[in-house]
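Participant:
Numbering (our numbering), first residue to last: 185 to 562.
(1) Who are the near neighbours of residue 323 in its chain, counting only those whose CB is closer than 8 Å to its CB and skipping five residues on each side?
(2) To test your reading of the DSSP string, which unbroken beta strand (DSSP E) runs of 3 or more residues are found completely within the region 415–501?
(3) Would you kindly report the start and end of the unbroken alpha helix (DSSP H) that includes residue 225?
(4) Hey, residue 553 and residue 196 are a contact pair by Cβ (cut 8 Å); roughly how many whole angstroms apart?
(5) Nearest by alpha-carbon distance to residue 327: which of 344, 535 and 311 is it?
(6) Assess contact between the region 470–486 and the region 517–530, defined as three or more Cβ pairs (one per stretch) separated by less than 8 Å. Is contact present?
(7) What is the rounded straight-line gap between the Cα of residue 399 and the Cα of residue 199?
(8) Hey, would you say residue 222 sits closer than 8 Å to residue 267, going by beta carbons?
(9) Alpha helix (DSSP H) containing residue 409: first to last residue?
(10) Quick check on the DSSP output: the alpha helix (DSSP H) that includes residue 508 runs from which residue to which?
(11) Pick out the complete beta strand (DSSP E) segments inside the region 290–351, 3 residues or longer, and give them in chain order.
(12) Hey, could you find the ends of the alpha helix (DSSP H) residue 282 is sitting in?
(13) Residues in its own chain within less than 8 Å of residue 378 by CB, not counting five upstream and five downstream?
(14) Work out the CA separation of residue 309 and residue 147 for me, nearest whole Å.
(15) If I measure Cβ to Cβ from residue 436 and keep anything under 6 Å in the same chain, skipping five residues before and after, which residues do I get?
(16) Can the beta-carbon of residue 449 be found closer than 8 Å to that of residue 477?
(17) Got a sec, what are the start and stop residues for the beta strand (DSSP E) residue 537 sits in?
(18) Who does residue 372 pair with in a DSSP beta bridge?
(19) For the beta strand (DSSP E) containing residue 132, list its first residue and its last residue.
(20) So, for residue 418: in the same chain, excluding its five sequence neighbours on each side, which residues have a beta-carbon less than 7 Å away from its beta-carbon?
(21) Pull up the distance between the alpha-carbon of residue 316 and that of residue 258, whole angstroms please.
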């Protein structure tokens with residue numbers, strides 16, 4: 185007699201990612217059994233994830249676990265899980281801004297938050313980073329509105345905008361925006377030499393490096409970088425050394441297993457014209473910064489939402505690698521980042537307290553689409 189269970193599940197495209205959304209009460213409790221469940225539901229480890237619901241890429245192998253919140257400042261609690269495609273590994277370190285954009289619609293769809301016209305504000309507590317996110321979701325007659333005219337680079341068509349505000353986003357792995365205490369650090373990268381980086385922690389921790397310092401142009405597309413194992417290994421080595429500097433690991437060689445998702449490796453360069461993955465020509469004047477991010481040891485096909493927010497925070501840190509690359513006089517509330525899929529905007533509201541840079545909130549616009557509701561057989 186079969187002992188398989190029917191697990192309620194929703195599939196939502198959030199921003200330029202796609203994830204599985206679960207009510208916490210429907211899945212195993214946190215620990216090894218939950219990890220086994222998430223690996224099974226995605227079909228990992230397997231490059232094709234053929235026996236699961238994953239899409240064979242890090243941006244389509246993500247999960248959101250949601251419950252009503254007991255906090256006064258939040259409506260729901262949300263835990264993000266990054267499920268490795270080719271390793272038996274689930275990481276809960278850090279958050280995903282794209283998947284965060286689907287949490288508000290999911291909470292309304294499941295009745296955790298009442299839909300109120302025309303905009304419903306959903307207050308989300310992210311357990312991974314101990315931070316509050318406010319999502320503004322369009323609603324008509326109590327139902328989430330997915331159709332609209334907002335376009336995102338890397339997503340076909342248009343959809344309704346979802347505004348995200350990450351409140352007090354600095355310090356997800358430590359109390360500080362600059363966890364090393366410096367706007368720039370010099371890493372001694374084995375087999376390569378000294379590399380100047382900026383390690384900034386807002387919404388998620390990122391390690392930034394200038395493209396030219398690693399022998400890159402800065403306009404490479406994922407298909408080019410992902411076919412260059414030497415460059416991928418170098419980028420992971422730099423990220424591993426940054427993880428060592430942060431005290432996350434002791435041996436940089438363990439980074440793909442011990443901390444695969446943070447800090448997120450990010451390559452920046454001054455604004456320059458280039459051809460995006462879909463053939464669109466991005467003009468230098470349309471962007472303030474050129475950026476390329478890594479995701480689970482591969483090139484991100486676009487740019488992470490939390491990464492864009494952290495990039496905006498780094499851009500206002502006057503001596504950082506990002507501040508040196510960004511267009512002079514850029515609008516800090518609308519930083520335009522040129523990535524492989526097109527252009528992404530993010531911004532920060534900031535000030536200074538006793539000469540210390542304070543990020544009040546980081547913001548950005550995403551879209552989401554409910555693709556499926558049903559059951560996974562486990």
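Even for Gly, the Cβ is constructed at its ideal location relative to N, Cα and C.
Facilitator: Result, derived from the coordinates:
(1) Here residue 323 corresponds to residue number 139 of the chain shown, with the count starting at 1. Only 292, 299, 300, 301, 302, 303, 304 and 329 meet the Cβ criterion.
(2) 448–453 and 473–479
(3) One-based indexing of the chain shown puts residue 225 at position 41. Residues 216–226.
(4) Position 369 of the chain shown, counting from 1, holds the residue named residue 553. Position 12 of the chain shown, counting from 1, holds the residue named residue 196. The pair is a contact, with the Cβ atoms about 7 Å apart (cut-off 8 Å).
(5) Locating residue 327 in the chain shown gives position 143, where the first residue counts as 1. Minimum Cα distance to residue 327 is reached at 344.
(6) yes
(7) Residue 399 sits at position 215 when you count from the first residue of the chain shown. Residue 199 sits at position 15 when you count from the first residue of the chain shown. If you take the alpha carbons of residue 399 and residue 199, they lie about 31 Å apart.
(8) Position 38 of the chain shown holds residue 222. Position 83 of the chain shown holds residue 267. Yes.
(9) Numbered from 1 along the chain shown, position 225 holds the residue referred to as residue 409. Its alpha helix (DSSP H) spans residues 406–409.
(10) For this step, residue 508 is matched to residue 324 along the chain shown. That run of the alpha helix (DSSP H) goes 505–509.
(11) 303–310, 315–324, 334–336, 339–343 and 346–351
(12) Locating residue 282 in the chain shown gives position 98, counting from the first residue. Counting along the chain, the alpha helix (DSSP H) containing residue 282 begins and ends at 281–284.
(13) In the chain shown, counting from the first residue as 1, residue 378 sits at position 194. Once the five neighbours on either side are set aside, the close Cβ partners of residue 378 are 370, 371 and 372.
(14) Since the displayed the chain opens at 185 and closes at 562, residue 147 lies outside it and no answer follows.
(15) Within the chain shown, the letter at position 252 stands for residue 436. Once the five neighbours on either side are set aside, the close Cβ partners of residue 436 are 424, 425 and 428.
(16) Stepping through the chain shown from its first residue, residue 449 is reached at position 265. Stepping through the chain shown from its first residue, residue 477 is reached at position 293. Yes, these two residues count as a Cβ contact at 8 Å.
(17) Mapped onto the chain shown, residue 537 falls at position 353. It spans 526–537 - the beta strand (DSSP E) in which residue 537 sits, taken as one unbroken run.
(18) Translated into positions along the chain shown, residue 372 becomes position 188. Bridge partners of residue 372: 378.
(19) Residue 132 cannot be examined here, being either before or after the span of the chain that is shown, 185 to 562.
(20) By 1-based counting over the chain shown, the position of residue 418 is 234. Once the five neighbours on either side are set aside, the close Cβ partners of residue 418 are 376 and 398.
(21) By 1-based counting over the chain shown, the position of residue 316 is 132. By 1-based counting over the chain shown, the position of residue 258 is 74. Spanning the two alpha carbons is a distance of roughly 7 Å.
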